[in-house]
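Asker: Sequence positions in the sequence shown follow the numbering used here and run 4 to 297.
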Amino acid sequence: MKILIIGASGLVGGNCLRHFKTQENVEVLGTYYSYPTSDTVYYNTLNPNDDKNANLDSFYPDVIVHTGALTFVDYCEDHVEESYDRTVNSTKCAVKLATKYNARLVFLSTDYVFDGEAGPYNEEALTNPLSVYAKHKLEAEKIVTFNNPKNLVLRVTSIYGNDFRQNNFISRIINQVEEGKEWSMNLPSDQYATPTNAMDIARAIYVLVRDYKGGIYNIASTDFVNRVQLANRVLSYFPEHKCTVIPTPTSELNQKAKRPLVGGLLSTKFLTEYPDFTFTNIDDYLRNGRKKIE
Ligand SMILES: NC(=O)c1ccc[n+]([C@@H]2O[C@H](COP(=O)([O-])OP(=O)(O)OC[C@H]3O[C@@H](n4cnc5c(N)ncnc54)[C@H](OP(=O)(O)O)[C@@H]3O)[C@@H](O)[C@H]2O)c1
């Protein structure tokens, strides 16, 4: 099986690249867009005619994992066209690419497609996106599932893990602590999610594509925490830290985009089909999962 990962310089894509390379009978090719890494080639899903695009004909993928999106939720509120371009139009391009190679497409979506009135959510729950980013994700989901019943939409949330840029919420806290910085941070005490390690997402993607699964799956670990609890859990592993977390209700944070408050996901369908699959959790990662990626 040949798997093309669009966005292998990112958190999910990078973990996919590392995981798929360890699988027998899998050939993998990863792409970057603005952040070249040693084992990726350039590809721009916004412009299939971009001169710099790698020629994918010689690779001819069976599966395309598409991770690219504009993920700054607040920025998307004020940059609707750009958000549409980078989430919906880029997905249309990925769909065209998949059609060209007769490949199955894997699209990464979000728990933000729900309104956060009653999370964590299973796959049957009704969607009701609150923000521009979330609306565009939902639109892209529909394009992907409509195109081919063997395409996969994986809803994920609050991802952490090892990546080149160490730019996710947990990594950023750890970086500040390790630099010995003294800081305080207002964090929402009422935004709940189910943080998930990107490597678990990569493992789940692999078994799903190996088994020709299609449709919508939630992929989430069993931790269910708000941002304050998550930050404090991280800090508890660094007793020398000089950080103060100030629990703050969302209503006082002036975040531009509305967030689902009681969000998060239940991997109900996935775990019914794969009862032996184990998700790791935040403590596993903080105890012995951290690794520098170069
Ligand atoms: N992180 C989360 O907590 C979270 C939560 C819910 C859903 N998701 C979804 O999961 C997916 C992956 O998230 P992530 O955290 O892994 O994001 P990420 O680290 O920002 O990675 C995104 C990847 O997409 C690439 N990319 C961006 N624009 C592109 C374009 N026009 N053409 C080709 N590639 C492009 C980026 O390349 P460069 O970096 O080289 O520019 C990067 O490799 C996203 O769709 C996101 O919406 C993430």
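The beta carbon of each residue, even a glycine, is placed where N, CA and C say it ideally should be. Just so it is clear, the structure is predicted and the values come from calculations on it, not from any experiment.
Heavy atom of ligand 1 less than 7 angstroms from the Cβ of Y288, yes or no?
Answerer: Start at 1 with the first residue of the sequence shown, and residue 288 comes out as number 285. Not so, every heavy atom of ligand 1 lies at least 7 angstroms from the Cβ.
Asker: Within the stretch 132–193, note down every full alpha helix (DSSP H) run reaching 4 residues or more, in order along the chain.
Answerer: Qualifying alpha helix (DSSP H) stretches, in chain order: 135–150, 172–181.
Asker: Let me check you understand the geometry: is the CB of Y35 closer than 7 angstroms to at least one non-hydrogen atom of ligand 1?
Answerer: One-based indexing of the sequence shown puts residue 35 at position 32. Y35: yes, Cβ under 7 angstroms from ligand 1.
Asker: Helix, strand or coil for T90 per DSSP?
Answerer: Stepping through the sequence shown from its first residue, residue 90 is reached at position 87. Helix, per DSSP.
Asker: Starting from L268, follow its DSSP beta bridges and name the residues at the other end.
Answerer: Taking the first residue of the sequence shown as 1, we reach residue 268 at position 265. Per DSSP, Y124.
Asker: Locate the alpha helix (DSSP H) running through N221, then write down its first and last residues.
Answerer: Stepping through the sequence shown from its first residue, residue 221 is reached at position 218. That residue, N221, is in no alpha helix (DSSP H); its beta strand (DSSP E) goes 218–221.
Asker: Touch check for the stretch 219–237 and the stretch 186–199: three-plus C-beta pairs under 8 angstroms?
Answerer: Yes: the two stretches touch, three or more of their Cβ pairs being nearer than 8 angstroms.
Asker: Between which residues of its own chain and K184 is the CB-CB distance below 6 angstroms, once the five residues before and five after are set aside?
Answerer: Along the sequence shown, one-based indexing puts residue 184 at 181. Taken in chain order, the list of residues that qualify is empty.
Asker: If we count the other Cβ atoms within 10 Å of its Cβ and call it buried at 16 or more, is L108 buried or exposed?
Answerer: Taking the sequence shown and counting its residues from 1, the one referred to as residue 108 is at position 105. With 16 or more Cβ atoms within 10 Å of its Cβ, L108 is classed as buried.
Asker: Using only the alpha-carbon positions, how far apart do N200 and P278 sit?
Answerer: Stepping through the sequence shown from its first residue, residue 200 is reached at position 197. Stepping through the sequence shown from its first residue, residue 278 is reached at position 275. Near 18 angstroms, if we compare the C-alpha coordinates of P278 and N200.
Asker: Sorry if obvious, but does the Cβ on V159 come closer than 7 angstroms to a heavy atom of ligand 1?
Answerer: Along the sequence shown, read from residue 1 onward, the residue named residue 159 stands at position 156. Indeed, a heavy atom of ligand 1 lies less than 7 angstroms from the Cβ.
Asker: Quick check: the Cα distance between P1 and S12, rounded to an integer number of angstroms?
Answerer: This structure cannot settle anything about residue 1, because the visible part of the chain is limited to 4 through 297.
Asker: Given the structure, does S239 come close to ligand 1, in the sense that its CB is under 7 angstroms from one of the ligand's heavy atoms?
Answerer: Here residue 239 is taken as the residue at index 236 of the sequence shown, counted from 1. Flag unset: Cβ of S239 not near ligand 1.
Asker: Taking only the alpha-carbon atoms, compute the straight-line gap between K24 and N257 and give it to the nearest angstrom.
Answerer: Mapped onto the sequence shown, residue 24 falls at position 21. Mapped onto the sequence shown, residue 257 falls at position 254. K24 and N257: Cα-Cα distance of roughly 43 angstroms.
Asker: Does the Cβ of T1 have 16 or more other Cβ atoms within 10 Å, making it buried, or fewer, making it exposed?
Answerer: Since the first and last residues shown for the chain are 4 and 297, residue 1 lies out of range.
Asker: According to the Cβ coordinates, are K140 and T113 closer than 8 angstroms?
Answerer: Looking up residue 140 in the sequence shown gives position 137. Looking up residue 113 in the sequence shown gives position 110. Yes. Within cutoff.
Asker: Starting from the Cα of S37, find the closest Cα among N47, R290, G122, E30 and give me that residue.
Answerer: Here residue 37 corresponds to residue number 34 of the sequence shown, with the count starting at 1. Of the candidates N47, R290, G122, E30, the one whose C-alpha sits nearest the C-alpha of S37 is N47.
Asker: Along the chain, where does the alpha helix (DSSP H) containing I208 start, and where does it finish?
Answerer: Sequence index remark: in the sequence shown, residue 208 carries index 205 (1-based). Per DSSP, I208 belongs to the alpha helix (DSSP H) from 201–213.
Asker: How many Å lie between L59 and L157 at the Cα?
Answerer: The count along the sequence shown starts at 1 and reaches residue 59 at position 56. The count along the sequence shown starts at 1 and reaches residue 157 at position 154. L59 and L157: Cα-Cα distance of roughly 24 angstroms.
Asker: What separation, rounded to the nearest whole angstrom, lies between the Cα atoms of N291 and E182?
Answerer: Along the sequence shown, one-based indexing puts residue 291 at 288. Along the sequence shown, one-based indexing puts residue 182 at 179. Distance between the alpha carbons of N291 and E182 is about 20 angstroms.
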